[in-house]
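Just so you know, the sequences run in chain order H and U.
Quick note, the first sequence lines up with residues 1 to 349 if you use the working numbering.
Quick note, the second sequence lines up with residues 350 to 698 if you use the working numbering.
There are 2 protein chains.
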Amino acid sequence: MSLLQRTVDAVERLPDAVIEEADARQARLTKPLGSMGMLEDIASQLCGIAGTCPAPVPQHPAIAVFAGDHGVHAQRVTPWPQEVTLQMVASMAAGGAVVNAIARQVGATVTVVDVGLASAPAPAPMLRERNVARGTADLAEGPAMTRAQAVAALEVGIDIARELVGEGADLLVTGDMGIANTTASAALVAALTRSEAAEVTGRGTGIDDAMLARKTAVIEKALCRLERSDPLAVLCEVGGLEHAALAGFLLGGAAERVPVVLDGVIAVSAALVASALCPRAADYWIAGHVSVEPGARAALDHLGIAPLLDLGLRLGEGSGAALAVPLVQSAARILAEVATFDGAGVTRA
Amino acid sequence: MSLLQRTVDAVERLPDAVIEEADARQARLTKPLGSMGMLEDIASQLCGIAGTCPAPVPQHPAIAVFAGDHGVHAQRVTPWPQEVTLQMVASMAAGGAVVNAIARQVGATVTVVDVGLASAPAPAPMLRERNVARGTADLAEGPAMTRAQAVAALEVGIDIARELVGEGADLLVTGDMGIANTTASAALVAALTRSEAAEVTGRGTGIDDAMLARKTAVIEKALCRLERSDPLAVLCEVGGLEHAALAGFLLGGAAERVPVVLDGVIAVSAALVASALCPRAADYWIAGHVSVEPGARAALDHLGIAPLLDLGLRLGEGSGAALAVPLVQSAARILAEVATFDGAGVTRA
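Here it is as structure tokens:
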């Protein structure tokens, strides 16, 4: 049996009894029930994932940035040159990118994974070389990946999740780097949420009207040839190598019983693939934020996951998910550490 | 000249030149301009407050929880007994409340200030005894405070801001505790934003329809006797001692050139008072979140400050503001630490 199939099979339903115990504990804490809003739901989810109430507070968040290049770059869907993917990978490996700054603030590690860069990056301690292909083919012209490539990239993501958990990570955080990857993301979202391309295609890093029209047209055309009911086929046709790896990472985290914080539109489009392959895996995911890319909201709505942050972010790299890490930790900490009415001698309403 | 007047006079306009320098630096960082959304504005604001670009990353956040009781409790506007204010103060001083758990997560100190408790709390290291009055009078029957009490409580807030900054705090965070204080907050918001009581009165800790109707009627009646153009008179008539102290804390932070993170409806209603006394002080404030209380959104809109978080919170204590601390720190850190296009050898779009 393949690693992918074994991973899907290993994802367990969250135990109802533990979640009920968490909800009951929440009601005994010295605060009005419901007054911590979304953090109360996150706390119960973390208990379900940990299989115990209260859940331990995640202390070792690990961000994995999956990097890949995109053949669709040739369609002029972005003003950024393709070499920027490699340049930004080098900058991340040197600690100079936005995700590194946030990671230092929240105490997270950053691991950069070359799963699909067009050129090999210089070796660096933070970088893991797992290249499956030197970029995808142009999704405007035909399938972006072969099925073998997509599965290999999925398994890279599974492996990275397992490695990071093996190294002590107790909270996984998705990141991505890939010039033109919002095009692939919008195509995945349109295909898997059955939306129109125009509804879910956005300006990415900030493109003008003419470029947006071209980007939308490229996606519309690609959607025509899709068999939308086969998620792996959709991934091969219009996805990126980092999308495949992210989907694997999301499944790998769930199989390891570790929560995964989703970043923006790249991550949530990959989550649509992963959830189509294994619906119960979504119980292990937390939406760090909702990006301004329209596909992000569409994907989260489809997944039924509410985002923690909405700060007008559209960077990627894992930046929005990393910013949400202290919220997740606080949610766990409140359930674990706050006094109960009985314990603190506080009168109930 | 009074401490209040000296503090108002000490609040300086943010220097345009430093803010422009911050905006220009933001444009040189290796990311699409605008891609970090609200955090880019916060970063520029922090530079303006610090008077230097990049601003130092705040490393010593300090939460001040101002506690007071309310005569309007007699009108049955809340199901919680009044003694819960004192009980929760004791729990906070012992580290057992939600705000303490979040403070531990984000590395903030918690200082609890008795500015208006109905009974004296037991001494504790985290607690500062600055009682101005043993609770307010019932705002349904007449002025909640005398002018002397309101000014004394404002000056307690100023003093606490100065003390905390003197002890090393470089980011102040507002907190509050006071059973029935959403009633006073809604009255302040209605009066100072010229809204109807029904628009800005909410369910606080979670009250039923009958109690909400009574609460709204109490506020409507009190609003009839107000001279809305005098913010200090409004504060005396319908505010709380903790609202007065919070208003002073907000002015004191601004006078000390330290940013202040606002919590929910109690803090933002106090901010309306402080901003009416000194409009330029609002440049020093950051809205940590928007509470589900309708008055919170109305007050923030009136102040023109966009909230960082919107998590469905309605606890108070400073919990929502404390959760936003890592976002503020990350905003500063990104501007200070991320590589520039030239420095990192990344090609521009």
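Beta carbons are placed, not taken as given, at the ideal position from N, Cα and C, and that holds for glycine.
Anything in the segment 375 to 404 of chain U with a Cβ closer than 8 Å to a Cβ of chain H? List those residues in chain order, please.
Listed by position along the chain: Leu-378, Thr-379, Lys-380, Pro-381, Leu-382, Gly-383, Ser-384, Met-385, Gly-386, Met-387 and Leu-388.
As a quick exercise: from Asp-612/U, Cys-402/U, Ala-469/U and Gly-637/U, pick the residue whose alpha carbon is nearest that of Ala-373/U.
Cys-402/U
For Asp-114/H, list the residues DSSP reports as bridge partners.
Ala-67/H and Glu-129/H
Could you please tell me which residues of the segment 540 to 558 of chain U, in chain order, have their CB closer than 7 Å to any CB of chain H?
When C-beta distances to chain H are compared with 7 Å, the residues of the segment 540 to 558 of chain U below that value are Thr-554 and Gly-555, in chain order.
So the alpha helix (DSSP H) Leu-352/U belongs to, where does it begin and stop?
352 to 359
According to the Cβ coordinates, are Ile-266/H and Ala-324/H closer than 9 Å?
no
Count the other C-beta atoms from every protein chain shown that fall within 10 angstroms of the C-beta of Asp-209/H, then say buried if there are 16 or more, exposed otherwise.
exposed
Would you mind telling me which residues of chain U sit closer than 8 Å to Val-72/H, beta carbon to beta carbon, in chain order?
The contacting residues do not exist; Val-72/H stays about 17 Å from chain U at best.
Take the Cβ of Gly-48/H as the centre, count every other Cβ of all protein chains shown within 10 Å, and call the residue buried at 16 or more, exposed below.
buried
Which same chain residues end up closer than 6 Å to Ala-310/H when comparing Cβ atoms and leaving out the 5 residues on each side of it in sequence?
According to the sequence displayed, residue 310/H carries Asp and not Ala. The residues are Val-290.
Closer than 8 Å by C-beta to Arg-574/U: which residues in its own chain qualify, once you throw out the five before and the five after it? Chain order, please.
Glu-586
Using 8 Å as the cut-off, classify the Cβ of Gly-456/U as near or not near the heavy atoms of the ligand MN, replying yes or no.
This structure lacks the ligand MN, and indeed carries no ligand of any kind.
Going by DSSP, which residues form a beta bridge with Val-261/H?
BP columns for Val-261/H point to Val-173/H and Ile-286/H.
Please list, in chain order, the residues of the segment 67 to 98 of chain H that have any C-beta partner in chain U closer than 8 Å.
Thr-78, Pro-79, Trp-80, Pro-81, Glu-83, Val-84, Gln-87, Met-88, Ala-90, Ser-91, Ala-94, Gly-96, Ala-97 and Val-98
Looking only at its chain, what residues have a beta carbon closer than 7 Å to the beta carbon of Lys-221/H, apart from the 5 residues adjacent to it on each side?
Ala-140
Can you list, in chain order, the residues of its chain whose CB lies under 6 Å from that of Ala-93/H, leaving out five sequence neighbours each side?
Val-112, Ala-124, Met-126 and Leu-127
Which runs of the alpha helix (DSSP H) fall wholly inside the segment 177 to 230 of chain H and span at least 4 residues, in chain order?
Look at the segment 177 to 230 of chain H and you find these whole runs of alpha helix (DSSP H), each 4 residues long or longer: 181 to 193, 197 to 200 and 209 to 224.
With DSSP run on the structure shown, which of helix, strand or coil describes Leu-658/U?
strand
Identify every residue that forms a DSSP beta bridge with Thr-458/U.
Ala-411/U
Count the other CB atoms within 10 Å of the CB of Ala-148/H; is the residue buried (16 or more) or exposed (fewer)?
With fewer than 16 Cβ atoms within 10 Å of its Cβ, Ala-148/H is classed as exposed.
Beta-carbon within less than 6 Å of Gly-326/H's beta-carbon, same chain only, minus the 5 sequence neighbours each way: which residues are those?
The question names Gly, but residue 326/H is Pro in the sequence shown. Taken in chain order, the residues that qualify are Val-106.
State the beta-bridge partners of Thr-689/U as determined by DSSP.
Leu-378/U
Which of the three DSSP states is assigned to Asp-365/U in this structure?
In the structure shown, Asp-365/U falls within a helical segment according to DSSP collapsed to helix, strand and coil.
For the segment 634 to 661 of chain U, list every residue whose C-beta sits within 8 Å of some C-beta in chain H, in sequence order.
Val-641, Leu-657, Leu-658, Asp-659, Leu-660 and Gly-661
Just to make sure I have the definition right: I need the residues of chain U whose C-beta is within less than 8 Å of the C-beta of Arg-214/H. Which are they?
Within chain U, no C-beta atom comes less than 8 Å from the C-beta of Arg-214/H; the nearest is roughly 16 Å away.
Please compile the residues from chain H whose C-beta is within a distance smaller than 7 Å of the C-beta of Ile-412/U.
One finds nothing in chain H with a Cβ atom closer than 7 Å to the Cβ of Ile-412/U; even the nearest lies about 13 Å away.
So, is Pro-628/U buried or exposed, given that buried needs 16 or more other C-beta atoms within 10 angstroms?
exposed
What does Ala-233/H touch in chain U if you count any residue whose Cβ is under 7 Å from its own?
Under the 7 Å cutoff, chain U gives no residues; its nearest Cβ is about 32 Å from Ala-233/H.
Distance cutoff 9 Å, beta carbons only. Does Gly-524/U sit that close to anything in chain H?
no
Hey, could you find the ends of the alpha helix (DSSP H) Cys-396/U is sitting in?
387 to 399
For the segment 333 to 346 of chain H, which residues have a CB atom closer than 7 Å to at least one CB atom of chain U, in sequence order?
Arg-333, Ile-334, Glu-337, Val-338, Ala-339, Ala-344, Gly-345 and Val-346
Note down, in chain order, all residues in the segment 613 to 625 of chain U with a beta-carbon under 8 Å from any beta-carbon belonging to chain H.
The residues in question: there are none.
Residues in its own chain within less than 7 Å of Thr-30/H by CB, not counting five upstream and five downstream?
Val-338, Ala-339, Thr-340, Phe-341, Ala-344 and Val-346
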